[in-house]
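Sequential numbering of the sequence shown, starting at 246, is according to our numbering. Even glycine gets a Cβ: it sits at the ideal position worked out from N, Cα and C.
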Amino acid sequence: MPAKKSSPTQKKSLLTSKPLLLLSTSLAASYFLHQSYLAAHKKSFQGENVLVTGASSGIGALLAKRFAKEKIANLVLIARSLPQLHEVKKEIQKEHPHVNVIVESVDVANKDQIYDFQKKLSREIGDIGVLILNAGIVSGKKFLEQTDADAERLMQVNTMSHFYLTRAFLPGMLKRNKGHIITIASVAATIGVGRMTDYGASKFGAFAFNEALRAELRSMGRHASNAKRGEGVQVLCMCPYYIDTGMFKNVQNNNVPFLIPILKPDDVVERTMLGAKRCEQLVVMPYSCWSIFIARGLLPGKIFDKIMYDVLGVQKTIQGFDHSKTGRASIHDTVKTDRATGGPSSDRSSHLPQDYATVGRGPVIQSRM
């Protein structure tokens with residue numbers, strides 16, 4: 246029998262499938278080569294000064310304990326609750342007596358406190374080499390139930406504090422031409438969820454800040470990716486799904502917990518350390534959540550919503566969530582405290598480090614907030 250001729254449609258399909266196969270194979274090969282390179286070039290934090298925000302409990306306390314294992318010089322822990330910080334300090338020094346642990350009650354939403362604390366640290370221990378931006382709060386309220394004070398406080402803690410802290414400690418890193426900034430963002434920075442309009446917006450902001458900062462450092466030739474080995478400032482953004490800590494204790498599982506499980510705190514901490522040592526730029530946990538980026542780019546909005554909210558059940562996770570039952574201070578309590586103390590102070594440019602406008606090779610920032 247004579248062989249059947251391929252139809253024009255079949256020929257077109259074959260022609261298009263070859264480039265797609267080549268592209269997917271190339272991407273897979275590039276990924277594994279990159280992972281092999283990262284595994285072979287791990288960074289050391291020995292002798293560094295490390296600062297962790299929100300270190301009194303949860304992921305912040307665990308990150309502090311994990312970095313203490315890295316033979317660092319000084320470990321600086323800040324949060325609002327000094328008694329809790331002292332408990333964390335006691336636990337760390339019991340296991341790692343060689344590490345000098347400094348604790349300080351600092352409100353990360355108060356820029357003056359941050360700039361004053363930076364000056365104090367600079368005199369006492371020198372520049373910070375690793376800055377971990379971890380402090381965060383959540384309300385879990387519907388948008389129209391949030392007060393302006395609720396939203397403003399949350400944005401100050403979850404987003405603006407990253408500006409203040411980086412503005413305070415980045416100049417020292419640039420002066421040394423060495424440093425690491427780790428942003429603890431969230432998968433909430435990649436997809437919106439009802440009753441988390443304020444939290445999602447704050448994490449989108451932290452995510453974008455981290456990415457834009459990396460781009461700016463690259464353009465200056467000061468990012469680790471385009472500097473000599475061991476030099477430059479590295480920037481890492483961590484985007485974990487819900488973590489089984491006090492902050493999200495009452496969230497529910499989605500429809501596919503076998504694909505997108507609620508994360509164990511220790512797993513997030515170890516992956517953060519691995520990402521930092523490998524000098525990665527973005528880590529999403531669990532790995533399956535990378536599909537959100539792909540789906541958002543490829544699918545029409547209606548189909549994206551249908552899959553994410555109806556099929557995967559992203560929205561149901563927050564139903565029944567009550568932050569007041571998590572055992573942590575509510576956002577309402579923090580707002581009342583700020584009102585009693587006069588709230589976040591006004592901007593005072595005199596509190597910025599004097600060398601911020603010009604550090605190292607040249608201009609860093611031309612204007613100040």
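Query raised in the report: How long is the line joining the alpha carbons of Ala469 and Glu390, rounded to whole angstroms?
Result: As a working mapping, residue 469 is identified with position 224 in the sequence shown. As a working mapping, residue 390 is identified with position 145 in the sequence shown. When rounded, the distance between both Cα atoms is 44 Å.
Requested in this report: Provide the residue span of the beta strand (DSSP E) that contains Ile359, from first to last.
Outcome: As a first step, residue 359 is located in the sequence shown; it is residue number 114 there, counting from the start. Segment 356 to 369 is the alpha helix (DSSP H) holding Ile359; no beta strand (DSSP E) there.
Query raised in the report: If we call anything under 8 Å between Cβ atoms a contact, is Leu308 one with Val297?
Result: For the purposes of this step, residue 308 is identified with residue 63 of the sequence shown, where counting begins at 1. For the purposes of this step, residue 297 is identified with residue 52 of the sequence shown, where counting begins at 1. Going by C-beta atoms, Leu308 is nearer than 8 Å to Val297.
**Report entry** When Lys288, Ile488, Lys356, Glu476 are compared against Met418, the one with the closest alpha-carbon
**Finding:** Taking the sequence shown and counting its residues from 1, one reaches residue 418 at position 173. Ranking Lys288, Ile488, Lys356, Glu476 by Cα distance to Met418 puts Glu476 first.
Query raised in the report: Looking at the structure shown, is Met441 part of a helix, part of a strand, or coil, going by DSSP?
Result: Locating residue 441 in the sequence shown gives position 196, counting from the first residue. It is coil, neither helix nor strand.
Query raised in the report: Which residues in the same chain have their Cβ closer than 7 Å to the Cβ of Val514, if we skip the five residues on either side of it in sequence?
Result: If you number the sequence shown from 1, residue 514 lands on position 269. Its chain contains Ile304, Leu307, Leu308, Arg311 as the residues whose beta carbon lies nearer than 7 Å to that of Val514, once the 5 sequence neighbours on both sides are disregarded; these appear in chain order.
Query raised in the report: Nearest-angstrom Cα distance between Ile552 and Gly439?
Result: Indexing the sequence shown from 1 puts residue 552 at position 307. Indexing the sequence shown from 1 puts residue 439 at position 194. Annotation: Ile552 to Gly439 spans about 16 Å, alpha carbon to alpha carbon.
Requested in this report: Kindly indicate which three-state DSSP category Gln479 falls into: helix, strand or coil?
Outcome: By 1-based counting over the sequence shown, the position of residue 479 is 234. If DSSP states are grouped into helix, strand and coil, Gln479 belongs with the strands.
Query raised in the report: Which stretch, first to last residue, makes up the beta strand (DSSP E) that contains Ser350?
Result: Stepping through the sequence shown from its first residue, residue 350 is reached at position 105. From DSSP, the beta strand (DSSP E) with Ser350 extends over 345 to 350.
Report task. For Leu376, I'd like the list of residues in its chain whose CB is within less than 6 Å of its CB, leaving aside the five on either flank, ordered along the chain. Result -> Working through the sequence shown from its first residue, we reach residue 376 at position 131. In chain order, Leu296, Phe414, Ile426 place their CB closer than 6 Å to the CB of Leu376, counting only its own chain and leaving out the 5 sequence neighbours on each side.
Query raised in the report: So which of Ile359, Leu399, Asp550 has the shortest CA-CA distance to Tyr409?
Result: Taking the sequence shown and counting its residues from 1, the one referred to as residue 409 is at position 164. That would be Ile359, whose Cα lies nearest to the Cα of Tyr409.
Query - Beta-carbon separation (whole angstroms), Ile507 vs Asn498, contact threshold 8 Å - result: If you number the sequence shown from 1, residue 507 lands on position 262. If you number the sequence shown from 1, residue 498 lands on position 253. About 7 Å separates the two Cβ atoms, so the contact holds.
Query raised in the report: Should His407 be labelled buried (16 or more other beta-carbon atoms within 10 Å of its own) or exposed?
Result: Mapped onto the sequence shown, residue 407 falls at position 162. It is buried - the Cβ of His407 has at least 16 other Cβ atoms within 10 Å.
Query - Spatial distance of Ile548 from Asp511 (CA atoms) - result: For the purposes of this step, residue 548 is taken as the residue at position 303 of the sequence shown. For the purposes of this step, residue 511 is taken as the residue at position 266 of the sequence shown. Rounded to whole angstroms, Ile548 to Asp511 spans 35 Å at the Cα level.
Query raised in the report: Based on Cα-Cα distance, which residue from Ile382, Thr517, Phe454, Tyr554 lies nearest to Val353?
Result: On the sequence shown, position 108 is the one that residue 353 refers to. Comparing Cα-Cα distances from Val353 to each of Ile382, Thr517, Phe454, Tyr554, the minimum goes to Ile382.
Query raised in the report: Would Thr392 be called buried (16 or more neighbouring beta carbons within 10 Å of its own) or exposed?
Result: Translated into the one-based positions of the sequence shown, residue 392 becomes position 147. Under this definition Thr392 is an exposed residue.
Query raised in the report: Name the DSSP bridge partner or partners of His468?
Result: Counted from its first residue, the sequence shown places residue 468 at position 223. BP columns for His468 point to Val478.
Query raised in the report: On the premise that Leu458 lies in contact with Gln526, defined as a C-beta separation below 8 Å, what is that separation, rounded to the nearest angstrom?
Result: Numbered from its first residue, the sequence shown carries residue 526 at position 281. Numbered from its first residue, the sequence shown carries residue 458 at position 213. Actually they are not in contact, since the Cβ atoms of Gln526 and Leu458 sit about 11 Å apart, beyond 8 Å.
**Report entry** Residue nearest to Lys522 in terms of C-alpha spacing, selected from Glu340, Ala434, Gly424, Lys334
**Finding:** Within the sequence shown, the letter at position 277 stands for residue 522. Among Glu340, Ala434, Gly424, Lys334, the Cα nearest to that of Lys522 belongs to Gly424.
Query raised in the report: Considering only residues of the same chain and omitting the five flanking positions on each side of Val496, which have a CB-CB separation below 8 Å?
Result: Counting from 1 along the sequence shown, the entry for residue 496 is found at position 251. A distance below 8 Å between beta-carbons, with the five flanking residues on each side excluded, links Val496 to the following residues of its chain, in chain order: Tyr487, Ile507, Thr562, Ile563, Phe566.
**Report entry** Same chain only: Cβ atoms within 7 Å of Val621, ignoring 5 sequence neighbours per side
**Finding:** Within the shown structure, residues of the chain are numbered from 246 to 614, placing residue 621 beyond reach of any answer.
Query raised in the report: Cβ atoms of Ala433 and Gly450: under 8 Å apart, would you say?
Result: To locate residue 450, count along the sequence shown from 1; it is residue 205. To locate residue 433, count along the sequence shown from 1; it is residue 188. No, these two residues do not count as a Cβ contact at 8 Å.
Query raised in the report: Hey, which unbroken runs of the alpha helix (DSSP H) at 4 residues or more fall wholly within the stretch 385 to 425?
Result: 393 to 400, 406 to 421
Requested in this report: Whole angstroms is fine: what's the gap from Gly292's alpha carbon to Val556's?
Outcome: Along the sequence shown, one-based indexing puts residue 292 at 47. Along the sequence shown, one-based indexing puts residue 556 at 311. The alpha-carbon atoms of Gly292 and Val556 are separated by roughly 49 Å.
Requested in this report: Leaving aside the five residues before and after Leu330 along the sequence, list all residues of the same chain whose C-beta is less than 6 Å from its C-beta, in chain order.
Outcome: The residue labelled residue 330 in the question sits at position 85 within the sequence shown. Result list for Leu330: Ser301, Leu322, Ala324, Val348, in chain order.
Query - Collapsed DSSP secondary structure at Thr490 in the structure displayed - result: As a working note, residue 490 is residue 245 in the sequence shown. DSSP places Thr490 in coil when its eight states are reduced to three.
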